[in-house]
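Protein chains in written order, with my numbering: chain A, 1 to 224; chain B, 1001 to 1297. Structure first, then comments.
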Amino acid sequence: MTTGRLLALQHADTAFPSGAFAFSNGVEGLAALASGLDAPSLRHAAEAVVRYRWAGSERVALAHAHRAGDDLAVLARIDAALEAATPAEPMRLGSRRNGGALLAAHLRLGTPGAGPLRAAISDGRLLGHLSVVQGALWRALGLEEAACLEIAGYQTVAGLVAAAVRLGRIGAIEAQAIVAALLPVVAECAAAPIPDTPDFTAFAPLIEIAAMRHARAELRLFAN
Amino acid sequence: MTYDDVSAPGPDLTMADPVRPVQPPSSRHVEARLTFARGGGTTVLGRQEVPYPFHITRAFRLQPDAPDLATLYLQSASGGLYRGDRLGLSVDVRAGARVHVTTQSATVVHNTGSAPARQATRLEIGPGAFLALDPDPLILFPGAALGLDTHVTLAEGARAIVTEGIAHHDPRGEGRPFAQLDIALTIADAGGRLRVAERGQIDGADWAARSSPLGTYRAYGSMLVLAAEGILPETGRLQAAADEAGCLGGMSPLPNGAGLGLRLLAPDGGRLSAGLQAAFAVAFTALAGTVPGRRRK
């Protein structure tokens, strides 16, 4: 195993303090719907998120941010475009808050580029969406673009099932079965060509509606 | 944009063969343009270019307590959208004018074969003007590929409600999917700053798949409610109106202070229409300051 693979394992590890544990990205909202949430419905919902949200939206933002490197002006354009392309506020705010949490961890670790990113967010040049922060920082650490996309895709699925486990809707074994079933979907989507420009596509109405309804709930475990 | 008046002469929709692309004599590349202005204390249709297959009614006054508000029905005389159609609708609502543009029935999108139908809508709303555009849903037949492209520009103090509804129907009841749906939306201010720029794409087979992003629902709708913050309706009321009509609704603020965005899911086109209509009434009341009168359809 190369150092690059070990580095990828470190940043894909749920033990890394990325702040992701605070976000269900719509799963808590799904669990609150009358239709409920069980292992089969979570598996289908997670596949829809990967295919119809992550692949055309966050994945594209991450790849372009990775290619932009430390060019803050380009990162700002990607960030603003992702903001405008995310109509559901819980997803939008969750992405920014999770980006901020990930950046905070990297600041404490002294990751190259974390300081300028923080300064750009503080003075309003950047919003700090998660995918943009991931792309910029993971490149600074030496992770290849393809590895970054696989990590982010994996974390998308892992985060959704982890939220369902914490909500008591599925068990840990069921969670891993869902992750295993969706790894080929993540691999397929991660390997798809990246558009030349950061133009995003997403069509995931059920989980977005669930997240919007969840934002109005009085009692919530997760931030979104 | 075209809207299907199913009472008008056209193909027999129940007998349409979804296997072969349904095609009028030739695909249409046309644009209808409507300009509304305020004059004499009311809203008038100042200019109109309405080429075939578009047809419009005269402007009705259906709001006794808001006689300045014009309501106009937009129709198509051709029985829906066909292979290769590129139809545009441009609505310019000048300063202070108030208008409601609607349709009389749903629009069928026929099998388009290898040439998707495209429908572009350009809405320009001037200072202090109000536009409500709530067409009935689009019904995608098997093999239909449709691209929708909506661009809204709002001046200072402008208000708008824009709805969109999509359902799928196989006249043979065999569950054959439509081909593809591509929905693009941009909202800009008068200075050209983009506030919202979203795009969604889905294949028909995925629409009804077990891992569909619609879950077990089969009809999708959206409603934009665009106005200054103090004028916007309470989001819970919009959501509740949609829910009470048998839909699953969710509403949240749009990016960059553009307004509110409602998404709706429904089991079928009928309940989608009901949900959109119920939410539209709440939004219309807030933005126009009057409860919408009955629109005969």
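Cβ atoms here follow ideal geometry from the backbone N, Cα and C, with glycine treated the same way. Keep in mind that this is a model prediction, so the values were computed, not measured.
Among the CB atoms of chain A, one or more fall inside 8 Å of the CB of Glu1198 of chain B.
Shown here is that no member of the region 1105 to 1128 of chain B has a Cβ falling below 8 Å from a Cβ of chain A. Non-local beta-carbon contacts of Leu1238 of chain B in its own chain, meaning distances under 6 Å to residues more than five positions away in sequence, involve Met1251, Leu1262, Ala1279, Val1282 in chain order. At least 8 Å separates the beta-carbon of Thr86 of chain A from that of Pro1233 of chain B.
In terms of Cβ geometry, Ala152 of chain A and Gly4 of chain A do not form a close pair [threshold 8 Å]. By the beta-carbon neighbour count (other beta carbons within 10 angstroms, threshold 16), Val1291 of chain B is exposed. Taking Thr201 of chain A as the centre and dropping the five residues before and after it, the same chain places the C-beta of Gly56 closer than 6 Å to its C-beta, in chain order.
Nearest in C-alpha terms to Leu1148 of chain B, of all of B:Asp1134, B:Glu1156, B:Asp1182, is B:Asp1182. Setting aside the 5 residues that flank it on each side, Glu89 of chain A is surrounded in the same chain by Met212, Ala215, each with a C-beta closer than 8 Å to its C-beta; the list follows chain order.
According to DSSP, residue pairing for Ser1090 of chain B in a beta bridge involves B:Arg1033, B:Arg1122. Here Arg139 of chain A is buried. Its C-beta has 16 or more other C-beta atoms within 10 Å.
Cβ-Cβ distances below 7 Å link Ala1095 of chain B to Arg1038, Gly1126, Pro1127, Gly1128, Ala1129 in the same chain, with the five nearest sequence neighbours on each side left out; the list follows chain order.
Proximity of Glu174 of chain A to chain B, defined by a Cβ-Cβ separation below 8 Å, is not satisfied. Setting aside the 5 residues that flank it on each side, Ala1219 of chain B is surrounded in the same chain by Ala1167, Ala1266, Asp1268, Gly1269, Leu1272, each with a C-beta closer than 6 Å to its C-beta; the list follows chain order. A contact is defined here as three or more CB-CB pairs under 8 Å, and the region 1180 to 1196 of chain B meets this definition with respect to the region 1144 to 1164 of chain B.
In the DSSP assignment, Ile121 of chain A falls outside any beta strand (DSSP E) and within the unbroken alpha helix (DSSP H) covering 114 to 122. Contact check for Met1223 of chain B against Ile1139 of chain B fails: the beta carbons are separated by 8 Å or more. For Ala1219 of chain B, no alpha helix (DSSP H) run applies; the uninterrupted beta strand (DSSP E) run containing it begins and ends at 1219 to 1226, by DSSP. Note: Ile1139 of chain B is bridge-paired with B:Val1108, B:Ala1167 in the DSSP secondary-structure output. In the three-state reduction of the DSSP assignment, Glu28 of chain A falls in the helix class, which pools H, G and I.
Excluding the 5 residues flanking it on each side, Asp1068 of chain B has same chain C-beta neighbours closer than 7 Å at Gly1041, Thr1042, Thr1043, Arg1098, in chain order. Interface criterion not met: the Cβ of Pro1233 of chain B is under 8 Å from no Cβ in chain A.
Taking a C-beta distance under 8 Å as the contact criterion, Pro1135 of chain B and Thr1103 of chain B qualify as a contact pair. Three or more Cβ pairs closer than 8 Å define a contact, and the region 37 to 53 of chain A meets that threshold against the region 153 to 163 of chain A. Between Gly1246 of chain B and Gly1275 of chain B, the CB-CB gap stays under 8 Å.
Taking CB atoms only, Arg213 of chain A has a neighbour in chain B less than 8 Å away. The three-state reading of DSSP puts Arg1172 of chain B in coil, since its state is none of H, G, I, E or B.
A residue is called buried once 16 or more other Cβ atoms fall within 10 Å of its Cβ, and Leu62 of chain A is buried on that count.
Secondary structure of Leu6 of chain A (DSSP, three-state): helix.
For Glu28 of chain A, no chain B residue has a Cβ inside 9 Å of its Cβ, as the nearest lies near 14 Å away. Scanning A:Ala39, A:Tyr52, A:Leu37, A:Val60 for the CA closest to the CA of Ile194 of chain A turns up A:Val60. The region 102 to 111 of chain A and the region 167 to 179 of chain A do not touch, with fewer than three beta-carbon pairs separated by less than 8 Å.
Neighbours of Ile170 of chain A across chain B, judged by C-beta separation under 7 Å, do not exist; the nearest C-beta is about 16 Å away.
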